[in-house]
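Numbering (mature numbering (1 follows the signal peptide of the UniProt record, and there is no 0)), first residue to last: -19 to -1, 1 to 50. Every residue gets a Cβ at the ideal spot worked out from N, C-alpha and C, and that includes glycine. No experiment lies behind these values; they were computed from the predicted model shown. Notes follow the structure.
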Amino acid sequence: MKKKILFSAMMGISVMAFAKTLQAVWTSTCGVKHYTTFTGNWSNSDMQSYIASINEIECGVRPNVVLNP
């Protein structure tokens, strides 16, 4: 049992070491500031679509999202 837990912890740490994490700070069209964290392999278009969907649900408007580096 102890070996399984240790192996799981080691796998978790190694996966976390190579994980790509991006944080987007954005303000919706309603004026609400959001901090959204993207982990894994999100493309720019996937992030833009996700942010636009959140804004549409929250404010009723689907904006054109532009990512700035």
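Nearest-angstrom beta carbon gap, residue j and residue i [assumed within contact, 8 Å]
i   : j  : result
T17 : A5 : 5 Å
Under the three-state DSSP convention, the category residue i falls into
i   : result
Y31 : helix
Exposure label - residue i; buried when at least 16 CB within 10 Å
i   : result
I38 : exposed
N36 : buried
Same chain, Cβ closer than 7 Å to residue i, five either side skipped, listed in chain order
i   : result
C11 : E39, C40
A33 : R43, P44, V46
6 Å CB neighbourhood of residue i in its chain, flanking five on each side removed
i  : result
T8 : K14
Neighbourhood of residue i by C-beta distance below 8 Å, restricted to the same chain and skipping five residues each side
i   : result
N49 : none
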